[in-house]
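For the sequence shown, the residue numbers in my numbering are 5 to 184.
Glycine residues also receive a C-beta, built at the ideal position from the N, C-alpha and C atoms.
Notes follow the structure.
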Amino acid sequence: AQMSGLVHELQFERHELSLRSAEKNLSAPEVAAQIAKTDAARRQLADFLATRQVASLPPRLARDLDQAQQKLNAIDAERKAAVSRERPIDEVWAFYKAANSSLISATAALSQLTDDGELMRAISALVTVLQIKERASQEHALLSHVFALNEFPAGAYKDLVTLTTEEADYVSVLEVNATD
5 AQMSGLVHEL QFERHELSLR SAEKNLSAPE VAAQIAKTDA ARRQLADFLA
55 TRQVASLPPR LARDLDQAQQ KLNAIDAERK AAVSRERPID EVWAFYKAAN
105 SSLISATAAL SQLTDDGELM RAISALVTVL QIKERASQEH ALLSHVFALN
155 EFPAGAYKDL VTLTTEEADY VSVLEVNATD
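Below, the structure is given as structure tokens:
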């Protein structure tokens, strides 16, 4: 739940930065408010993990949590680069994609903590839903940027087609694995 909540807040933050970047209004109060929400979710996950021995977790889970933490440790620099326009928007999108990918992968690795088939199926379904939401969030950030600019930045249309295709694939997987 902590990882999923953080993924959700990171998705909203990516959208705000994407939209406000195109509007050339990165000092909008919505950006600061979303950054505060994301930071609160980061603290909640950090507090939760601080009470656990991450090193004693299964290797994949520990690795993915470590990768996510490394990304999250760099978020302030990424935000600063985005706000100062030092970083192109596609690189900003890539940062959030990588951070969310690590958190979603760590969520998938939770299945290594159990032999309960029903719980493993539930984790698998959650991960698939998170993947669908991640693609939809990426599309939303991209399209917000495009509509605010009234044009597609170089390579953005190809990215949109890729995202919609990936999203459809994850929806198909969810439908195939769904119970009655």
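- In this structure, the beta-carbon distance from A37 to R24 does not fall below 8 Å.
- Within the same chain, I39 come within 7 Å of R83 by CB-CB distance, once the 5 residues on both sides are set aside.
- When the beta-carbon positions are compared, L114 and L65 come within less than 8 Å of each other.
- Between A103 and A72, the beta carbon gap of about 6 Å places them in contact (Cβ cut-off 8 Å).
- If the five residues before and after L134 are omitted, its C-beta is found closer than 7 Å to the C-beta atoms of S8, V11, I108, T111, all from its own chain and listed in chain order.
- Taking all protein chains in view, the Cβ of E17 is crowded by 16 or more other Cβ atoms within 10 Å, so the residue is classified as buried.
- If you look at E90, you'll find it isn't in any alpha helix (DSSP H); DSSP assigns it neither H nor E.
- Taking all protein chains shown into account, D120 has fewer than 16 neighbouring C-beta atoms within 10 Å of its C-beta and is therefore exposed.
- Using a 10 angstroms sphere on the CB of Q15, the tally of other CB atoms reaches 16 or more, which defines it as buried.
- In this structure, the straight-line span from the alpha carbon of Y161 to that of L61 is close to 40 Å.
- By the CB criterion at 8 Å, F156 and V150 fall inside the cutoff.
- DSSP places N77 within a helical segment (H, G or I) once states are collapsed to three.
- Cα atoms of Y174 and E34: separation of roughly 31 Å, rounded to the nearest angstrom.
- Within the same chain, Cβ atoms closer than 6 Å to the Cβ of E20 are found at E34, V35, Q38, the five residues on either side in sequence being excluded.
- The criterion of a C-beta distance shorter than 8 Å is not satisfied by V96 and A81.
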